[in-house]
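Asks: Residue numbers (my numbering), protein chains in the order written: chain E, 347 to 884; chain Z, 9 to 418. What follows is a single structure, and I will ask about it in a moment.
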């Protein structure tokens, strides 16, 4: 126990709060709140402890490439001289927070390139498969693929960001039986082999979604990044019940039928988000197991954060790199690979939970997939809370229909204009008019999606695409239709109201307000996330 | 008679400026405006008749005067002491109900021949406002000889009077004069068919300009700025297709016009066009009507008007300090829209602005803009209310003189 490691990592755990239970740490943006939950009717879902990482990740990667899953030849057999090879990889949105070097993508890409070199392949492009996300900066690309790969490819223009708005760089390969156009990166479409390198942080990631989303554009995305799909994805973390994934799987078939050959590489990481040792390690421990040192560290951190300007806090947190370890790697045919990957994600994340709750509480951290090195603006708060956290379930939502979600986050009326220019307009214009996802989609989406300035910024600067804030809002559509009220504790009052939610200054106030919706003595469940967990609700 | 008199008193004017900067409307308590019981002066001439005000509005230029913010430009154009009040509905001695058209042009000054603008019906552009039989004063309400609406009686030239139809309420009638300003502004704007027009400010003048734009022009989009919720609601009701907060207007105009944006904050090569913030637009609106008249609003106007577009200045600006480079570089037109007279309509015909204003008031039921009235005795409360009208959910504040007993003295 001296290094914080148990012999066998403990699975996730549901704590029934009693009067002796300590206050629970809630993430609260670039800070934390200690909250006492009502005894006798509250429970806290704790994530599993980090699984052990693979002892020889590079060996495991090479083994996976040589021993593929499903209907696929080993990688060396797929490579030959004079072929066109495209290696696509997950962008800055994965993993969260960014991981310590070497990033898994670097390990995998280096292994793939070694084998490609042995096979005499010299036409290789590397593409950050960012769909409509912002472009990655040089530093971010270097971090993901490593300096050696970056220096070998980027100066020659062979390592670059996907550009979904390049009229000469995109091609439509066909249509699904549902009438969904399948648009694809032209270089990838014209390659003899596309290798996709995933970091599957959550169950949503990977499978056909990697290519059918990562290397496509608005022409395709509008078919599955929409309100209808989101309302029929219950949840989008559970592929079998996700209309989002069903659409991606249909598109994957179109890609296959069009002759796009994909060699899928998926990897999973453990839950070592904040480190077994170090300044944030207490965040992945259960409060009653904190040592004196943990308590002192936490209090010191709280005091420091209290006096630190927000910008400095953001900078401090953005320097945190997670010591994630790879727990599995599998390669080969897309669907076969993804089956194994999903099982490995579930092995780390699933926590059995009995029954739904009247009130679901969640503390949102400083980071989500779309604000790495940026600001978590109010729209992203909504997306992280009602999109990602709400949907981290299998079976049934953690909160009952008509229940209340209470989110803890400062929710500042603040945006990064470089990364999120259309978000500002979405907030100022669209949400000032309506918060109804269907109405928003109908009335505003097309104009934002086709706005020339947003497209210019997406292609030439580091801006998310003009339509991206709409997708963030749709991500929460299922939750919005399911719950009776959303309350944000400790948020900017004006910003919270603009989101259509209710502000509360304390959790106690929020619980009292929630009582108006769910009645007296409600049951309360706190989703203690991150480190990540997924509730398996029966 | 009972009147609110404004004297030339520099120390009190300075005190009003200071008090007005601390508390909206604070100038009323310490400034040169005083409630007095005075004898009505003799009529300026034989064509002049007595008007006993029923309602008299408080407008932005009145507030600037009372709060010590009016421009020194006006010093030679007024005569002290004067009685403010130019938005007036009142009774003649024969009980005819009238609205005052307050501009004092050549005819009321008994100047013949008239100057060219007056001859063309553009009374607001009269070249003789300091000459003739009257003391200086561009309007009733700034001329010593005529008196003004913030009193129980004043003198009006017969050419200044418009009979109020019986079916029009006093509240509607008192809006006719500011409505005429709105009509004039809208028609001065030369709004192109299918163009984009922006109205900065949703105070009384902004709202009336919106209504006039809706009535007399046919743009693709009318975008208004409004600071307060009630203003937003009123702006949308009176014709704005979109309403944005003042600090959101640049982004809003960019969206509506499909322009690109230029950022002032860039530090790297090309970052001015990549920063994602909107400091000014590459294109912009065809017309911007500035009903605020501050340095900020004029700066906004120049940032959001397309090259060779038109800015119409309706709000009275006084002294402002601002960067005019965009005016030069973008070859913008900056035109003032002071007040009314005769308008050239889209079909080539002409009409008196006041006639158009009567129609506008009736069509949009603009009497509803009168939010509160005060007796003269409570003038300090009235001025304070008017100075913070938007934030208090109000639009037009007026003095109600219908129950003043001095009104009925012969």
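Quick reminder that beta carbons are idealized off the backbone N, C-alpha and C, glycines included. If you're wondering where the values come from, they're calculated on a predicted model, not measured in any experiment.
#1: Check whether the region 360-370 of chain Z touches the region 164-177 of chain Z, counting contact only when three or more Cβ pairs, one atom from each stretch, lie closer than 8 angstroms.
#2: Is there contact between the region 730-747 of chain E and the region 18-25 of chain Z, where contact requires at least three CB pairs shorter than 8 angstroms?
#3: List the residues of chain E whose Cβ lies closer than 7 angstroms to the Cβ of residue 95 of chain Z, in chain order.
#4: Could you work out which residue in E/752, E/784 and E/837 is closest to residue 831 of chain E when comparing CA atoms only?
#5: Could you tell me whether any Cβ in chain Z is nearer than 9 angstroms to the Cβ of residue 802 of chain E?
#6: Can you give me the C-alpha to C-alpha distance between residue 347 of chain E and residue 383 of chain E, rounded to a whole angstrom?
#7: At a CB-CB cut-off below 9 angstroms, which residues of chain E make contact with residue 285 of chain Z?
#8: Enumerate in chain order the residues of its own chain whose CB-to-CB distance from residue 346 of chain Z is below 6 angstroms, with the five nearest sequence positions on each side excluded.
#9: Assign residue 466 of chain E to one of two classes, buried (16 or more other C-beta atoms within 10 Å of its C-beta) or exposed (fewer than that).
#10: Determine the burial state of residue 639 of chain E: buried for a count of at least 16 other Cβ atoms within 10 Å of its Cβ, exposed for fewer.
#11: Here's the rule I'm using: 16 or more other beta-carbon atoms within 10 Å means buried, otherwise exposed. How should residue 116 of chain Z be labelled?
#12: Only counting the same chain, and skipping five residues up and downstream in sequence, which positions put a Cβ closer than 6 angstroms to that of residue 37 of chain Z?
#13: Pull out every residue of the region 806-823 of chain E whose Cβ sits closer than 9 angstroms to any Cβ of chain Z, in chain order.
#14: Determine the burial state of residue 671 of chain E: buried for a count of at least 16 other Cβ atoms within 10 Å of its Cβ, exposed for fewer.
#15: Over what stretch of residues does the beta strand (DSSP E) that includes residue 542 of chain E continue unbroken?
#16: For residue 450 of chain E and residue 611 of chain E, I'd like the C-alpha separation in whole angstroms.
#17: Is there a Cβ of chain E sitting closer than 9 angstroms to that of residue 242 of chain Z, yes or no?
#18: With DSSP as the reference, label residue 785 of chain E as helix, strand or coil.
#19: Return no unless some Cβ of chain E is closer than 9 angstroms to the Cβ of residue 256 of chain Z.
#20: To the nearest angstrom, how far is the alpha carbon of residue 550 of chain E from that of residue 440 of chain E?
#21: Does the contact criterion of 3 or more C-beta pairs under 8 angstroms hold for the region 676-686 of chain E versus the region 859-867 of chain E?
#22: Have a look at the DSSP bridge pairing and note the partners of residue 9 of chain Z.
#23: Name the chain E residues whose beta carbon is nearer than 9 angstroms to that of residue 282 of chain Z?
#24: Would you check if the region 512-532 of chain E and the region 844-852 of chain E touch, i.e. whether three or more CB-CB distances between them fall below 8 angstroms?
#25: Could you tell me how far apart the beta carbons of residue 763 of chain E and residue 283 of chain Z are, in whole angstroms, since I believe they sit closer than 8 angstroms?
#26: Could you name each continuous alpha helix (DSSP H) segment of 4 residues or more that falls completely within the region 725-785 of chain E, going from the start of the chain to the end?
#27: In terms of residues, what are the limits of the beta strand (DSSP E) holding residue 388 of chain E?
#28: Using the beta-carbon of each residue, which ones in chain Z are nearer than 8 angstroms to residue 774 of chain E?
#29: What ranges does the beta strand (DSSP E) occupy inside the region 341-389 of chain Z, keeping only unbroken runs of at least 3 residues that lie completely in it?
#30: Using C-beta distances below 6 angstroms, list every residue in its chain close to residue 349 of chain E, excluding the 5 sequence neighbours before and after it, in chain order.
#31: Just checking: is the beta-carbon of residue 419 of chain E within a distance shorter than 9 angstroms of some beta-carbon in chain Z?
#32: Does the count of Cβ pairs from the region 84-91 of chain Z and the region 148-156 of chain Z closer than 8 angstroms reach three?
#33: Any beta carbon from chain E within less than 9 angstroms of residue 379 of chain Z's own beta carbon?
#34: Taking the C-alpha atoms as reference points, what is the distance between residue 530 of chain E and residue 726 of chain E?
#35: Quick one: give me the first and last residue of the alpha helix (DSSP H) that residue 650 of chain E is part of.
#36: If we ignore side chains and look at the alpha-carbon of each, how far apart do residue 360 of chain Z and residue 348 of chain Z end up?
Replies: Concretely, from the data shown:
#1: Between the region 360-370 of chain Z and the region 164-177 of chain Z there are three or more C-beta pairs closer than 8 angstroms, enough to call the two in contact.
#2: no
#3: Taking the second chain and counting its residues from 1, the one referred to as residue 95 of chain Z is at position 87. Ordered by position in chain E, no residue passes the 7 angstroms Cβ test against residue 95 of chain Z, which lies about 33 angstroms from the chain.
#4: Here residue 831 of chain E is taken as the residue at index 485 of the first chain, counted from 1. Nearest option by C-alpha distance: E/752.
#5: Translated into the one-based positions of the first chain, residue 802 of chain E becomes position 456. Judged by the 9 angstroms Cβ criterion, residue 802 of chain E is in contact with chain Z.
#6: Reading the first chain from its first residue, position 1 is the one you call residue 347 of chain E. Reading the first chain from its first residue, position 37 is the one you call residue 383 of chain E. Residue confidence for residue 347 of chain E is low, a pLDDT of 40 falling below 50, so the modelled location carries little weight; the figure read from the coordinates is stated next. Spanning the two alpha carbons is a distance of roughly 29 angstroms.
#7: Your numbering for residue 285 of chain Z matches position 277 in the second chain. Chain order gives the chain E residues near residue 285 of chain Z as 763, 764, 767 and 770, where near means a beta carbon separation below 9 angstroms.
#8: Walking along the second chain from the start, residue 346 of chain Z turns up at place 338. Once the five neighbours on either side are set aside, the close Cβ partners of residue 346 of chain Z are 132.
#9: Residue mapping note: residue 466 of chain E aligns to position 120 of the first chain, counting from 1. Exposed: under 16 other Cβ atoms inside 10 Å.
#10: In the first chain, counting from the first residue as 1, residue 639 of chain E sits at position 293. Flag for residue 639 of chain E reads exposed.
#11: Looking up residue 116 of chain Z in the second chain gives position 108. So residue 116 of chain Z ends up on the buried side.
#12: The residue given as residue 37 of chain Z occupies position 29 in the second chain. Here the set comprises 388.
#13: 806, 807, 808 and 809
#14: Numbered from its first residue, the first chain carries residue 671 of chain E at position 325. Per the 10 Å Cβ criterion, buried.
#15: Taking the first chain and counting its residues from 1, the one referred to as residue 542 of chain E is at position 196. Element bounds for residue 542 of chain E: 539-543.
#16: Locating residue 450 of chain E in the first chain gives position 104, counting from the first residue. Locating residue 611 of chain E in the first chain gives position 265, counting from the first residue. Taking the straight line from one Cα to the other gives about 11 angstroms.
#17: Within the second chain, numbered from 1, the residue matching residue 242 of chain Z stands at position 234. No, no contact with chain E.
#18: Residue numbering aside, residue 785 of chain E sits at position 439 when the first chain is read from its first letter. The answer is helix: DSSP assigns residue 785 of chain E an H, G or I state.
#19: In the second chain, the residue the question calls residue 256 of chain Z occupies position 248. The beta carbon of residue 256 of chain Z falls within 9 angstroms of a beta carbon belonging to chain E, placing the residue at that interface.
#20: By one-based count along the first chain, residue 550 of chain E stands at place 204. By one-based count along the first chain, residue 440 of chain E stands at place 94. Answer to the nearest angstrom: the Cα atoms are 12 angstroms apart.
#21: no
#22: The residue labelled residue 9 of chain Z in the question sits at position 1 within the second chain. Residue 9 of chain Z is not bridged to any residue.
#23: The count along the second chain starts at 1 and reaches residue 282 of chain Z at position 274. Going along chain E in sequence order, the residues near residue 282 of chain Z (Cβ under 9 angstroms) are 764, 802, 803, 806, 807, 808 and 809.
#24: Too few Cβ pairs lie closer than 8 angstroms, so no.
#25: On the first chain, position 417 is the one that residue 763 of chain E refers to. On the second chain, position 275 is the one that residue 283 of chain Z refers to. Contact flag correct, Cβ pair sits at about 6 angstroms.
#26: As far as the region 725-785 of chain E is concerned, its whole alpha helix (DSSP H) runs of at least 4 residues are 767-771.
#27: Taking the first chain and counting its residues from 1, one reaches residue 388 of chain E at position 42. It spans 388-392 - the beta strand (DSSP E) in which residue 388 of chain E sits, taken as one unbroken run.
#28: Looking up residue 774 of chain E in the first chain gives position 428. Going along chain Z in sequence order, the residues near residue 774 of chain E (Cβ under 8 angstroms) are 252, 253, 256, 259 and 260.
#29: 341-344, 350-352, 358-360 and 378-382
#30: For the purposes of this step, residue 349 of chain E is taken as the residue at position 3 of the first chain. Confidence is the limiting factor: at residue 349 of chain E the pLDDT is only 47, short of 50, which leaves the residue's position unreliable and the question unanswerable from this model.
#31: Taking the first residue of the first chain as 1, we reach residue 419 of chain E at position 73. Chain Z, which has no Cβ nearer than 9 angstroms to the Cβ of residue 419 of chain E, makes this no.
#32: yes
#33: If you number the second chain from 1, residue 379 of chain Z lands on position 371. At a cut-off of 9 angstroms between beta carbons, residue 379 of chain Z makes no contact with chain E.
#34: By 1-based counting over the first chain, the position of residue 530 of chain E is 184. By 1-based counting over the first chain, the position of residue 726 of chain E is 380. Approximately 27 angstroms between the Cα atoms of the pair.
#35: What you label residue 650 of chain E is simply residue 304 of the first chain in a count that begins at 1. Run containing residue 650 of chain E: 638-653, per the alpha helix (DSSP H) assignment.
#36: If you number the second chain from 1, residue 360 of chain Z lands on position 352. If you number the second chain from 1, residue 348 of chain Z lands on position 340. Distance from the CA atom of residue 360 of chain Z to the CA atom of residue 348 of chain Z, rounded to whole angstroms, is 8 angstroms.
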